[in-house]
Amino acid sequence: MDQEQTAQQKKAQEMGTRPVGKLLWHYFIPSFVGVFLNSLYNIVDRIYIGQGVGSLALAGLSVVFPIMIIGAAFGMMIGIGSGVRVSINLGKKDYVRAEKVLGNGFTLMIIVSIIYTALGYALKAPMLRWFGASGETYQYANDYLNIIIAGGILQTVGFALNNIIRSEGNARIAMYSMVISAGINIILDPIFIFGFGMGVEGAAIATLISMAALCVWVLYHFTKSKRSVVQLKRSAMKIDWRIVKYIVAIGISPFSMQVASSVVQAILNFSLIKYGGDLAVGANGIINSVAMLVVMSVVAINMAAQPIIGFNYGAQHFGRVKQTLRLGMIFATLISVSAWIGIMLFPGTIIKVFNTNDPELYEIGVNGIRIFLFMLPLVGFQVVGGNYFQAVGKATIALFLTLLRQVLALIPLLLILPRHFGLDGVWSAMPAADLFSACIVTYFLIREWKILTRKEQLQVAA
8 MDQEQTAQQK KAQEMGTRPV GKLLWHYFIP SFVGVFLNSL YNIVDRIYIG QGVGSLALAG
68 LSVVFPIMII GAAFGMMIGI GSGVRVSINL GKKDYVRAEK VLGNGFTLMI IVSIIYTALG
128 YALKAPMLRW FGASGETYQY ANDYLNIIIA GGILQTVGFA LNNIIRSEGN ARIAMYSMVI
188 SAGINIILDP IFIFGFGMGV EGAAIATLIS MAALCVWVLY HFTKSKRSVV QLKRSAMKID
248 WRIVKYIVAI GISPFSMQVA SSVVQAILNF SLIKYGGDLA VGANGIINSV AMLVVMSVVA
308 INMAAQPIIG FNYGAQHFGR VKQTLRLGMI FATLISVSAW IGIMLFPGTI IKVFNTNDPE
368 LYEIGVNGIR IFLFMLPLVG FQVVGGNYFQ AVGKATIALF LTLLRQVLAL IPLLLILPRH
428 FGLDGVWSAM PAADLFSACI VTYFLIREWK ILTRKEQLQV AA
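Each residue of the sequence shown is one higher than the last, beginning at 8 in my numbering.
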């Protein structure tokens, strides 16, 4: 108990007094390494499949990707929802409540993942058709998905608890989680795909084993490790519906973002098949891999900023909240602009990393990546802005901003532009949506900045 109190006091002092720039950088590095490796092992699957099995297998994995997004959405909903509440309660020094949130979150993870797995197998065949599997790509997609669905509980528990590790201020341990998981997957991929000749099934088995390793690691942290700030206790696992409501209220925004992304991907796949065929779907898989690498790098800033914002908002240190938000947006924009320059200068090199044998895939991919990611510099600050509203518990605004880009703007554009511009119209929908949503996010951020400034001034006057 004394060790637990010492860890809590240490984190409270760090979050509330250490210079924000140094604190953000301190948490960003392990968060970046973690999400980069997490993104990398998904990308490595595609590289090995694209180079070793072929472009149609790559298209099959691109069909499975939006279904996997739905699975990840549940882990994100509970992990982020619980993590935000843990951070805020730690800021208030309500450690009992923080542990209650963790316990209820864990129970919710088990329930939700069981439901997801059951529905996944029941709806697997129609889902593959809905998300664009054709006669030539269906078997590849089905072989991969059969194995991935079996790991639903491993994925949900591993991802969600790792986010809570980060939210309690243990960013370095959360990084180790992803290093272990990604490292195992990257090592096992070529062994199962090429060594055992298992193709896409081998890639799925390697991913499943890496998920299991992550799950074991995070459970050990919250049950046995002395470095955890909050402990996973059986007494805290009894469902308290008020806490569940709080978790879901915050987590519904990232959950909606992931599900919306999945729906958009389905619409996108159908448009790509209609105007460009299976190879256009394969090219989109490559483009999504690159975009994911960039966006997840920005998400690392969110992961670093979320516990800082949540703690200081709970402690009413509004000046520190503003500093964290400002620095987060600056760092995110630098990442987005740097990535955009590289993509615009070397699109062909990027496409060839995934497949060197199909000139038609190369041509479609080069054109697509340049158009699809043209407004990438505007994405960074939007991601950080949406995360801010999650971190301070303003779930309604966070949900609106999340759905704005992926649903309210992008889906109508995907339905309209291809009718006039064909395949180029499909690619153009994303930059148009990015530009529109950037304007709306800017408005909300300016308004919120004024609110924080007023609160800060009232504190000084008092």
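Cβ atoms here follow ideal geometry from the backbone N, Cα and C, with glycine treated the same way.
Burial state of M185, where buried means 16 or more other Cβ atoms lie within 10 Å: That one is buried.
Residue interval of the alpha helix (DSSP H) (run including F381): No alpha helix (DSSP H) contains F381, which DSSP labels as neither H nor E.
Between the CA atoms of I458 and A220 - distance to the nearest angstrom: 44 Å
Among K100, S188 and G393, the one whose alpha carbon lies nearest that of S260: Comparing Cα-Cα distances from S260 to each of K100, S188 and G393, the minimum goes to G393.
DSSP state of S232 mapped onto helix, strand, coil: coil
DSSP three-state assignment for F203, whether helix, strand or coil: coil
Span separating the alpha-carbon of M8 from that of H324: Any reading at M8 needs caution, since the residue's pLDDT is 49, under 50, leaving its predicted position unreliable; the model's value is listed next. Going by the C-alpha atoms only, they are around 28 Å apart.
Y369 versus I95: straight-line alpha-carbon distance, rounded: Roughly 48 Å between the two C-alpha positions.
Any chain B beta carbon closer than 7 Å to P26: Judged by its chain identifiers, the structure shown contains no chain B, having just a single protein chain.
Beta carbon of A307 nearer than 7 Å to that of S46: no
Collapsed DSSP secondary structure at P26 in the structure displayed: coil
For R426, the nearest candidate out of L383, L279 and V302 (CA to CA): L279
Stretch pair the region 144-163 + the region 209-216: three plus CB contacts closer than 8 Å: yes
Helix, strand or coil at F138 according to DSSP, with G and I counted as helix: coil
Same chain, Cβ closer than 7 Å to L385, neighbours up to 5 away in sequence not counted: Shown here for L385: same chain residues with a beta carbon closer than 7 Å to its own, the five before and five after excluded, namely D441, L442 and A445 in chain order.
Test item: CB-CB of P419 and Q272 under 7 Å: no
Cβ shell of R179 (< 6 Å), same chain only, five flanking positions each side left out: P37
Buried or exposed by the 16-neighbour rule on C-beta atoms within 10 Å, applied to M351: Around the Cβ of M351, a 10 Å sphere holds fewer than 16 other Cβ atoms; the residue is exposed.
Beta-carbon spacing of L422, S263 below 7 Å: No. Outside cutoff.
CA-to-CA distance, M299 to N319, given in whole angstroms: 29 Å
Buried or exposed (CB count within 10 angstroms, at least 16 for buried), Q397: Burial of Q397 is indicated by the presence of at least 16 other C-beta atoms within 10 angstroms of its C-beta.
Helix, strand or coil at F72 according to DSSP, with G and I counted as helix: helix
Chain-order list of residues whose beta-carbon lies under 8 Å from that of Y282 (same chain, five-residue window excluded): P425, G429, L430, G432 and V433
Cβ-based neighbour list, L383, same chain, cut-off 6 Å, excluding 5 preceding and 5 following: S343 and W347
Spatial neighbours of W456 in its chain, beta-carbon cut-off 6 Å, leaving aside the 5 residues before and after: none
Whole-angstrom distance between K329 and M336, CA atom to CA atom: 11 Å
Length of the line joining the Cα atoms of L411 and A256: 18 Å
Euclidean distance between Cα positions of V119 and S268: 20 Å
Distance, Y147 Cα to V42 Cα: 27 Å
Cut-off 6 Å between Cβ atoms - residues of its own chain near A439, not counting five sequence neighbours on either side: L420
Three-state secondary structure (DSSP) of A340: Looking at the sequence shown, residue 340 is not Ala but Thr. Three-state DSSP puts T340 in a helix.
Cutoff 6 Å; reference G321; Cβ partners in own chain excluding five residues on either side: I95, G98 and K99
Closest by C-alpha distance to G190, when choosing among D365, W32, N49 and G349: N49
Coarse secondary structure for A290, derived from DSSP in three states: helix
Own chain residues within Cβ distance below 7 Å of A436, not counting five before or after: L417, L420, L421 and L424
Within 7 Å, strictly: CB atoms of S172 and S89: Rather than Ser, the amino acid found at residue 172 in this sequence is Ile. Contact flag unset, no.
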